[in-house]
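Data block below; observations after.
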Amino acid sequence: MPGTPVVDDIELIIEDIGGGGGNPPPQTGDGGGGDGEPNKRRKPTPTSPRRYQTAIVLAMLSIVMFFMALAVTFLVRKTSSDWVPVHLPFMVWVNTIVLLASSGTMELARRKELAGDLKGFRTLWQVTTGLGVLFLIGQVMAWRQLVEQGFYVSTNPASSFFYIFTAAHGVHLLGGVGALCYVLFRNFQKTKLTQSVAAEITSHYWHFMDGLWLFLLALLYSGK
Numbered sequence: 002m003p004g005t006p007v008v009d010d011i012e013l014i015i016e017d018i019g020g021g022g023g024n025p026p027p028q029t030g031d032g033g034g035g036d037g038e039p040n041k042r043r044k045p046t047p048t049s050p051r052r053y054q055t056a057i058v059l060a061m062l063s064i065v066m067f068f069m070a071l072a073v074t075f076l077v078r079k080t081s082s083d084w085v086p087v088h089l090p091f092m093v094w095v096n097t098i099v100l101l102a103s104s105g106t107m108e109l110a111r112r113k114e115l116a117g118d119l120k121g122f123r124t125l126w127q128v129t130t131g132l133g134v135l136f137l138i139g140q141v142m143a144w145r146q147l148v149e150q151g152f153y154v155s156t157n158p159a160s161s162f163f164y165i166f167t168a169a170h171g172v173h174l175l176g177g178v179g180a181l182c183y184v185l186f187r188n189f190q191k192t193k194l195t196q197s198v199a200a201e202i203t204s205h206y207w208h209f210m211d212g213l214w215l216f217l218l219a220l221l222y223s224g225k
């Protein structure tokens with residue numbers, strides 16, 4: 002029939018306007034959604050953790066290259082005639098125990114977070130942060146003990162490397178303490194980074210600094 006195309010067009014227009022059932026189209030914007038409830042402020046879509054993992058791996062590789070260069074120089078320099086061995090201060094061993102304990106409390110905190118115990122997570126994370134600060138204070142005390150032995154930065158190559166190694170490690174560990182505080186005080190409801198991912202990335206860096214300290218301690222002990 003000649004009028005059939007016209008009727009079909011009218012039906013299509015009615016369907017476009019009324020949705021075929023006479024219901025009004027879903028509203029958008031601040032006025033509300035299709036179910037009549039006001040739209041809530043959407044939480045930012047979480048970003049893939051892979052980009053953060055890649056960034057921390059690159060950061061750790063650069064730190065490894067830096068300390069490896071210092072280690073090679075140390076091994077070459079300690080064969081010189083002006084090398085006077087340094088007796089490692091007692092606080093160095095205390096600091097090692099503190100740092101190892103901080104890695105343990107960090108892993109316990111992460112287990113609490115994965116289990117949904119946010120209160121337990123925050124408590125253990127605070128303990129880890131406190132142990133990190135305690136380690137840095139202990140390093141200053143170790144320097145004071147070394148000064149009491151008569152060893153300063155410029156006394157001889159052995160004492161110079163002790164201050165250089167411990168100071169460089171302390172600076173990088175201070176960055177880790179900053180990351181711990183970030184996880185502790187950051188409101189992750191307003192970021193694309195989740196608390197779980199932030200805690201995981203921070204733990205990678207912290208354990209890395211723990212292992213780096215053990216390596217430096219063994220290196221310094223070999224220079225006795």
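The sequence shown runs 2 to 225 under my numbering.
Glycine residues also receive a C-beta, built at the ideal position from the N, C-alpha and C atoms.
All values reported here derive from a predicted model rather than from experimental measurement.
Look at Leu-194 here: in three-state DSSP terms it is coil, with no helix or strand label. DSSP places Val-178 in the uninterrupted alpha helix (DSSP H) bounded by 158-186. Under the three-state reduction of DSSP output, Thr-80 falls in the coil class, being neither helix nor strand. For the pair Val-85 and Ala-169, the CB atoms are not nearer than the 7 Å cut-off. By the 16-neighbour rule on beta-carbons within 10 angstroms, Thr-80 is exposed.
As the crow flies, the alpha-carbon of Val-128 is around 14 Å from that of Tyr-183. The Cβ atoms of Ile-64 and Ile-202 do not sit closer than 7 Å to each other. In this chain, the alpha helix (DSSP H) harbouring Phe-122 covers 119-149. Short of 8 Å from the beta carbon of Arg-111, and not among the five residues preceding or following it, lie these beta carbons of its own chain, in chain order: Phe-122, Ala-200, Glu-201, Ser-204. In the DSSP assignment, Ala-116 falls outside any alpha helix (DSSP H), carrying neither H nor E. Pairing Leu-220 with Lys-191, the inter-Cα distance amounts to about 44 Å. Put simply, the stretch 131-139 touches the stretch 165-181. At least three CB pairs are less than 8 Å apart. Closest by C-alpha distance to Trp-144, out of Pro-90, Gln-54, Gly-212, Tyr-53, is Pro-90. When Val-93, Gln-196, Tyr-153, Ala-70 are compared, the shortest CA-CA separation from Trp-126 is found for Gln-196.
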